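Presented below is the structure to which this report refers.
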Amino acid sequence: MRDWKLTHADPLALRLAADARFGPTDYADDQIWELTLAGGDPAAVSLRTTYGLRAREMRLFPAFREGDSLITDPDQFAAPPVVHHFAVNRIQFSFSPLGGIHVHADYWCPDSHTVAGQFTVSNESTATRSIRLKLCAILLPMESGAVMAPTQRGPLYTLEGQTGNLASIILLETGIPSEHSSWPAIVRPLSLVPGESQTVRWVHAAPPFTPPASRGGMGGVEHCKAILETGWPIHFQKIKALNADVPEIETGDRQWDAAFAFAYKVALQSYVGPTAHLPYPSFIFARNPNKGYSLRGDGSDHAWQWDGQVATEAYVNLPQIAQAAPELAKGIIRNYIAVQEPDGFIDWKPGLAGQRNRALCIPLLATLSWIIYEYTEDRDFIAEVYEPLKRFVAVWFTERYDRDQDGLPEWSHTIQSAFDECPSFCRWVKWSQPADISLAESPDLASYLYRELRSLIKMAHTLDLDEDTPPLAARADMIRIAVNAMWRDDTASYHYADLETHESPRGHELARITAQNEVVRCEVHQKFAPSARVLVTIVGDREAAPPSVAVAIHGRGRRGRHRIETLAPRRLAWYWGVGSVTSDKLYAEVEAVEVSGMPRGWEVIIGTVDYTRQDQTLLLPIWAGLARGDRLESLVRKTITDPDRYWRAYGIPNCAATDPAFAPDNRNGSGGVWMMWNTMIGEGLADSGYTAESAELIRRLMEAMIHSLKTEKAFREAYNCDKPEGIGERDYLWGVAPVHLFLRTAGIRIVSPRKVWVRGFNPFPWPVRVSWRGVTVTKTETMTLVKFPSGKEAAVTTEAEQFIEDT
Numbered sequence: 159m160r161d162w163k164l165t166h167a168d169p170l171a172l173r174l175a176a177d178a179r180f181g182p183t184d185y186a187d188d189q190i191w192e193l194t195l196a197g198g199d200p201a202a203v204s205l206r207t208t209y210g211l212r213a214r215e216m217r218l219f220p221a222f223r224e225g226d227s228l229i230t231d232p233d234q235f236a237a238p239p240v241v242h243h244f245a246v247n248r249i250q251f252s253f254s255p256l257g258g259i260h261v262h263a264d265y266w267c268p269d270s271h272t273v274a275g276q277f278t279v280s281n282e283s284t285a286t287r288s289i290r291l292k293l294c295a296i297l298l299p300m301e302s303g304a305v306m307a308p309t310q311r312g313p314l315y316t317l318e319g320q321t322g323n324l325a326s327i328i329l330l331e332t333g334i335p336s337e338h339s340s341w342p343a344i345v346r347p348l349s350l351v352p353g354e355s356q357t358v359r360w361v362h363a364a365p366p367f368t369p370p371a372s373r374g375g376m377g378g379v380e381h382c383k384a385i386l387e388t389g390w391p392i393h394f395q396k397i398k399a400l401n402a403d404v405p406e407i408e409t410g411d412r413q414w415d416a417a418f419a420f421a422y423k424v425a426l427q428s429y430v431g432p433t434a435h436l437p438y439p440s441f442i443f444a445r446n447p448n449k450g451y452s453l454r455g456d457g458s459d460h461a462w463q464w465d466g467q468v469a470t471e472a473y474v475n476l477p478q479i480a481q482a483a484p485e486l487a488k489g490i491i492r493n494y495i496a497v498q499e500p501d502g503f504i505d506w507k508p509g510l511a512g513q514r515n516r517a518l519c520i521p522l523l524a525t526l527s528w529i530i531y532e533y534t535e536d537r538d539f540i541a542e543v544y545e546p547l548k549r550f551v552a553v554w555f556t557e558r559y560d561r562d563q564d565g566l567p568e569w570s571h572t573i574q575s576a577f578d579e580c581p582s583f584c585r586w587v588k589w590s591q592p593a594d595i596s597l598a599e600s601p602d603l604a605s606y607l608y609r610e611l612r613s614l615i616k617m618a619h620t621l622d623l624d625e626d627t628p629p630l631a632a633r634a635d636m637i638r639i640a641v642n643a644m645w646r647d648d649t650a651s652y653h654y655a656d657l658e659t660h661e662s663p664r665g666h667e668l669a670r671i672t673a674q675n676e677v678v679r680c681e682v683h684q685k686f687a688p689s690a691r692v693l694v695t696i697v698g699d700r701e702a703a704p705p706s707v708a709v710a711i712h713g714r715g716r717r718g719r720h721r722i723e724t725l726a727p728r729r730l731a732w733y734w735g736v737g738s739v740t741s742d743k744l745y746a747e748v749e750a751v752e753v754s755g756m757p758r759g760w761e762v763i764i765g766t767v768d769y770t771r772q773d774q775t776l777l778l779p780i781w782a783g784l785a786r787g788d789r790l791e792s793l794v795r796k797t798i799t800d801p802d803r804y805w806r807a808y809g810i811p812n813c814a815a816t817d818p819a820f821a822p823d824n825r826n827g828s829g830g831v832w833m834m835w836n837t838m839i840g841e842g843l844a845d846s847g848y849t850a851e852s853a854e855l856i857r858r859l860m861e862a863m864i865h866s867l868k869t870e871k872a873f874r875e876a877y878n879c880d881k882p883e884g885i886g887e888r889d890y891l892w893g894v895a896p897v898h899l900f901l902r903t904a905g906i907r908i909v910s911p912r913k914v915w916v917r918g919f920n921p922f923p924w925p926v927r928v929s930w931r932g933v934t935v936t937k938t939e940t941m942t943l944v945k946f947p948s949g950k951e952a953a954v955t956t957e958a959e960q961f962i963e964d965t
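Heads up: the sequence shown begins at 159 in this note's numbering, then just goes up one per residue.
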C-alpha cells in the first residue's frame, strides 16, 4: 500500500463515511465527516460534520498539553500533519505536536452513525515525557439543542450534547474530565519513557435523541462501549483488503497520482444501501457532511442529489469502479432491472426510497454492462442482463418515443437527456431557445442507441445467440444512416434535425412586441425553405401566475395549403415568468401570428426554431463510432480541437464558445465543463486513434481538478472551462478525475491476474505504471511491459490492440 505523505498543501479529498461494502448503511440517516488538516476556530486538525444540517457544526480535534503549553494549531506543530493512507471509511495520518512526540492517528467509520479513532503517541526523545492528550468537541447545535458537556455514567466519563433529533456522545478510552479547558474535552494522561508508545482509542456516536425520562438504558454509551470492545484489527484488515482491490496508478506527476487515488475513493464512497426498494447498493451524487438526513425518516424527502441513480452518472462511475468493486457496478444494472416493468420500461431515476422519475431511462445500460464485462469477463452476468436490456432498448423504438417511426427516437424533455439547460431547447432560462426537444432528432440520443445496439450484438455473440443479431444490426444501420444525414460540411459538425423534415435550418426572430392590449397580432408574411416551425415565447413577471395565453398561427404548409393552427393555453410550458410553445405544424410561409390573453407590459417573441446552435452533445458520434473517414478528421481538427469553439483551457464546455449563451462559469449561460460528455468525447478520440488529443484533453481536465483539490479539498460537479474554478456540488460523483478515460487513453486494462488488454504506446509525457492484484503494466513511448504475479514478463513493441495472457 502506497504511503502518500500528503500535506495540507497537496490535493486532498478527505471525506469519511460508512462503506457500503463493509456493512449496511443508513440511507435516511447517513452521517458524513470531513478531516481538515488546518484552520478553524480554534485552529486544529479537525474532524467535522453537520449531521446533514442538523447542527451548525460539530468539530472533534486533539489538543496536547505538556507543562503549561497547550497546542492545537498545526501551524505550531513540530511537524505538520501528513496523510499516509486513505479509504472510503478510513484515514491514517501523523504529526508531531511537540518536539520529540510523534502521533499516528487512525480515523474510521464503522457505520452510518459512528466515527471512531485512535492516537498512537510515541516518545522519540531521550527523556521521559508527561503529556495530557485531550479529545475536544465543539458542538454548535440547532435551536433548543445543548452544547457538549462532561457527563459521568457510572465509571465512565463522556462528552454529551444534543442537536436536532440526535444525541451526540463521545467516549475516550480510560478518559477523565478535563479540569481546565477552553473547550469541552476528555483527557487521557500519558507518561512515556524514551521509545515508548501508547495507544488511546475513542468513539463518537450520534443516535436519535430520547429524553432522559424515557431512556431504558445507556443507548449511545453502550454502542460506544461495544465499538471499543470489538476487534479493531480485524476490521482494519477488512478495510485494507477492500482497498487492495483499487488499482494503483503511478505517473510522473505525484499530484495526478493523488487525484486518481481520490477519484477511486470518492467513486466508491458514493454508495449507500441497499434498501427494501432497491436490492443492491446504489450511488448518490454528492456524499458530504451537509447531506444524508431525511426528516421523514425513510429517505423519500432527500434532495435531487440523493433521490435516485441516473444512467449518465453511472456512465462515469461504473467504469471507474468495475475493477475495484465489480459487484457494486453490477448492482447498479441489477437495480435498474429490478424496477423494470413487464413491457420493458425502465425508470430514468429509481431511488432507494422507492422514488421514480417516470421518464424512460437514458439508453446507456447495455453499453455499461458491456464495459463491466470487458473488465470482468463475467459471462454469467451478461447472460443475466441480456434479455432485460434487449427489451429495454426495444421500448425506445415504440411509437411513444419514436414519434415518426423512422427508426430514430426523440427525447421527451431536456431533463431526460441529462443536458437540462441545453441552449437549443431549455424552456426555463431566458438565455436559451425554449423550443420543444420532442420535435427534434438529436445526435446524442442516436449515439447512445447506436452504442446500445452494438453492445447487445456483442452480448449476443458472447452468448452464442447469433440469431438475435440481424434485427439489432438493422436498427443500428438505420441510425447510422440518419446520423450521417445530420452532418454539415460548412460547420464540420453534426446538428439537431427537425422531426419531420430531417433538416437543420437556421432560426429567425420574426418579431418582438410588448403587449399593450390583451390580443397581440403580428403580421409576418415570410417564406421559409426548408419549412420551419414557429416558436412563440412569452416573457413576464417571474412571480406572477401563468396567464391563459393562446396562440393562432396563420400560414401555409409544405404543400402550399392555407391553415390556421391554434395552440391552446395548456400547450404553453411556463417556468418562472417564461412561457413557450412550438408549433406542431411546419410552415413554408407564415402570414401572421396572433397571441391572445396577454397581460399588459409582457413581451411576446415570435420566431422560427434554430437547429444550428452547437453544443457538446453534437460531438458524441465520435464516441459511438459513427464519425468516420474525412468527417472524423474534420470533426477532430476543425471542431473539437478548435480553441474558438470547444478546445478550451480546462476542458470541453457545454456549448461552443461561439454560441450567444456561452458562459465559461455556467452562470446565466452555458459553458461549464461536465465530465460525462468530456469522458465520452475523450474515449471517442482515443478509440479513433487520436490518443495525443485525448491525453491533452485529460491534461486540461486534471489541471482544473487538481486546483480544486488543492484549494477546496474536493472535486466539484463541473469546472469553469476558461479558468481553474469549480462549479456546483463538492465531491460530485461524476466530477472526479477520469480514471477510466486515462487508462483507455494509455491503452491499459487489467482483466485478471493472468490477462491484460493493451493498445498503442503511451501518449503521456512520462512513463505510466498500473498495478493490480500482482500484475504490473508499464507503458513508455515505445514499449509496454507486462509483469504477471507468476514472474512471467511480456514486452510489447507494437501498437496493435491485443490481449497478453499468462498461460
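A virtual CB, placed ideally from N, CA and C, is assigned to each residue, including glycine. The structure displayed is predicted, hence computed values, not measured ones.
Can you give me the Cβ contacts of residue i inside the same chain, cut-off strictly under 7 Å, excluding the 5 residues immediately before and after it?
i: W141; result: It is not possible to answer for residue 141, since the shown part of the chain is limited to 159 through 965.
i: E215; result: R206, T208 and L298
i: R758; result: A673 and Q674
i: G198; result: S204 and R217
i: V587; result: E579
When DSSP labels each residue in this structure, what does residue i get in the three-state scheme?
i: G303; result: coil
i: D768; result: coil
i: M860; result: helix
i: V279; result: strand
i: D635; result: helix
i: F115; result: Nothing in the structure corresponds to residue 115, since the chain is present only between 159 and 965.
i: L630; result: helix
i: R874; result: strand
i: S866; result: helix
i: S590; result: coil
Could you pull out every residue in the same chain whose Cβ sits closer than 8 Å to the Cβ of residue i, ignoring the five residues on either side in sequence?
i: G715; result: S689, R721, K743, L744, Y745 and A746
i: P232; result: H166, L195, A196, A201, A202, V203, P238, P239 and F253
i: R806; result: A815, P822, V831, R858, C879 and D880
i: A708; result: T724, L725, A726, P727, V753, S754 and G755
Measuring only the C-alpha atoms, how far is residue i from residue j?
i: K881; j: I344; result: 46 Å
i: P352; j: D411; result: 39 Å
i: G257; j: L193; result: 24 Å
i: Q498; j: L607; result: 18 Å
i: A176; j: C267; result: 5 Å
i: A236; j: M159; result: 27 Å
i: S948; j: E963; result: 11 Å
i: W973; j: L293; result: Outside the shown range of the chain, which is 159 to 965, sits residue 973, and nothing can be said about it.
i: P105; j: Y559; result: Given that the chain is displayed from residue 159 to residue 965, the structure contains no residue 105 and the question cannot be resolved.
i: E976; j: D889; result: In this structure the chain extends from 159 to 965, so residue 976 is not present and cannot be described.
i: L400; j: L621; result: 31 Å
i: S349; j: I289; result: 6 Å
i: N446; j: I190; result: 6 Å
Quick check on the DSSP output: the alpha helix (DSSP H) that includes residue i runs from which residue to which?
i: H898; result: V897 to A904
i: R412; result: R412 to Q427
i: G842; result: M833 to D845
i: T572; result: T572 to S575
i: W528; result: L523 to T534
i: G378; result: G378 to E387
i: V551; result: R537 to V553
Less than 6 Å between C-beta atoms, sequence neighbours within five positions excluded: which residues of the same chain meet that for residue i?
i: Q250; result: H242, H243 and D264
i: P366; result: N323
i: A419; result: none
i: S527; result: I491 and V543
Taking buried to mean at least 16 other C-beta atoms within 10 Å of its own C-beta, is residue i buried or exposed?
i: L776; result: buried
i: R717; result: exposed
i: E701; result: exposed
i: S372; result: Confidence in S372 is poor, its pLDDT being 47 and thus under 50, which makes the residue's placement too unreliable to answer from.
On the DSSP letters alone, give me the boundaries of the beta strand (DSSP E) that residue i sits inside.
i: Q1007; result: Outside the modelled stretch of the chain, which goes from 159 to 965, sits residue 1007, for which no answer is possible.
Is there a Cβ from chain D that is less than 8 Å from the Cβ of residue i?
i: A953; result: Looking for chain D here will not work: only one protein chain is present.
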